[in-house]
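Chemist: Dumping the structure here so I can ask a few things about it.
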Amino acid sequence: MTVEEFEEFYAQAVARLTGQLYVMTGDLQEAQDVVQEAFVKAWVRRGRLDRDGGPEAWIRTVAWRLAVSRWRFRRRSADAWNRGSGGPGHVEPPDLGHVVLVDALRELPPQQRRTLTLHYLCDLTVEQIAGETGLSGSTIKTHLVRGRAALAHRLRDPRIEEAPDV
34 MTVEEFEEFY
44 AQAVARLTGQ
54 LYVMTGDLQE
64 AQDVVQEAFV
74 KAWVRRGRLD
84 RDGGPEAWIR
94 TVAWRLAVSR
104 WRFRRRSADA
114 WNRGSGGPGH
124 VEPPDLGHVV
134 LVDALRELPP
144 QQRRTLTLHY
154 LCDLTVEQIA
164 GETGLSGSTI
174 KTHLVRGRAA
184 LAHRLRDPRI
194 EEAPDV
């Protein structure tokens, strides 16, 4: 991949990949960081990246692995949890539907959340997800079924009464 091709690929894929990793991790800043770091790693090997060989999947996988490594590091490091927040002064609050969905996704096990993201947000098939994650197709299907059921239960509107079975 030439420099120009890589720059074009970056411009087309960075927002999409950041959004996908945000759904997988539940943390926008973390998603931005790991996607950028994955692109830096891809830049170094851009001569070996082939557009038809799935560079987006490669970057998504590298970003996911970086996120997992960071989680492990933070879990072992008490100092990381004591960081202060230095966020912007005023930010518009997200809409209620977004908050409810993000909270519901955060309650899912990480592999279910990742599988649902790859299937519904990245539009990957079960076989593609299996290839990217190293899990079997049946495990992917199990994660999808259980994840959908868990989200359906968590996102159910309690104000709507279910019709009694006849």
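Using the working numbering, the letters of the sequence shown map in sequence onto residues 34 to 199.
Think of the CB as a built atom: it goes at the ideal place given N, C-alpha and C, for glycine as much as any other residue.
Since His-131 is in the alpha helix (DSSP H), which residue starts that stretch and which ends it?
Modeler: His-131 -> alpha helix (DSSP H) spans 129-139.
Chemist: Taking Leu-151 as the reference, give the member of Leu-141, Glu-165, Glu-140, Glu-63 with the closest Cα.
Modeler: Per the Cα distances, Glu-165.
Chemist: Tell me whether Thr-158 is buried or exposed, calling it buried when 16 or more other Cβ atoms sit within 10 Å of its Cβ.
Modeler: By the 16-neighbour rule on beta-carbons within 10 angstroms, Thr-158 is exposed.
Chemist: Taking C-alpha atoms, which residue in Leu-184, Ala-64, Arg-105 lies nearest to Leu-134?
Modeler: Leu-184
Chemist: Please check the pair Thr-51 and Gln-65, which I expect to be a contact at CB under 8 Å, by giving their CB distance rounded to whole angstroms.
Modeler: 6 Å
Chemist: Quick one: Cα of Arg-78 to Cα of Arg-181, how far?
Modeler: Between Arg-78 and Arg-181, the C-alpha separation is close to 37 Å.
Chemist: Just confirm the distance between the C-beta atoms of Ala-90 and Leu-54, as a whole number of angstroms; I'd bet it's less than 8 Å.
Modeler: So it is not a contact: roughly 13 Å between Cβ atoms.
Chemist: With 16 as the cutoff for other CB atoms within 10 Å, does Gln-145 come out buried or exposed?
Modeler: buried
Chemist: In whole angstroms, what separates the C-alpha of Arg-179 from that of Leu-129?
Modeler: Those two C-alpha atoms are separated by around 24 Å.
Chemist: Beta-carbon within less than 7 Å of Leu-177's beta-carbon, same chain only, minus the 5 sequence neighbours each way: which residues are those?
Modeler: In chain order, Thr-148, Leu-149, His-152 place their CB closer than 7 Å to the CB of Leu-177, counting only its own chain and leaving out the 5 sequence neighbours on each side.
Chemist: Whole angstroms are fine: how far does the CA of Leu-82 sit from the CA of Arg-139?
Modeler: 33 Å
Chemist: Assuming Thr-94 is part of the alpha helix (DSSP H), what are its boundary residues?
Modeler: 88-109
Chemist: Do you know offhand how far Ser-171's Cα is from Arg-109's?
Modeler: 33 Å
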